[in-house]
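Numbering (this note's numbering), first residue to last: 612 to 729. Think of the CB as a built atom: it goes at the ideal place given N, C-alpha and C, for glycine as much as any other residue. Beneath this line is the structure, given in structure tokens, with notes to follow.
See below:
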């Protein structure tokens, strides 16, 4: 079995430098912290019951932006659907199969959402 050669991406973007005149602004992206507008987001509405003891859930994936905004969006969806759920690992989990309702709410908010699976 051949050994895999490690590259810079395997270091997680962490690079050591002994150069005292190093200017990191050359290598950082300006505006990377700005969240995408809802119209630029590509969300996916999934249905799942795996690993949950047969209980069904709706999972919203693909959100790009600050964690606080994701939590607020999840809270709003749970409230409008009248169910519980959680927000973790960049996903919104809504209890029950509410894909159609969630998609309708997200489209009204200006998000591009796509139904994935069954």
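For residue 709, the CB contacts under 6 Å within the same chain, skipping 5 residues up- and downstream, are 669 and 692 in chain order.
Linking residue 647 to residue 680 through their CA atoms gives a straight-line distance of about 11 Å. Residue 649 sits close to residue 722, with the two beta carbons spaced by under 8 Å. According to DSSP, residue 724 shares a beta bridge with 654. The bridge partners DSSP lists for residue 682 come to none.
Residue 672 is bridged by DSSP to 655.
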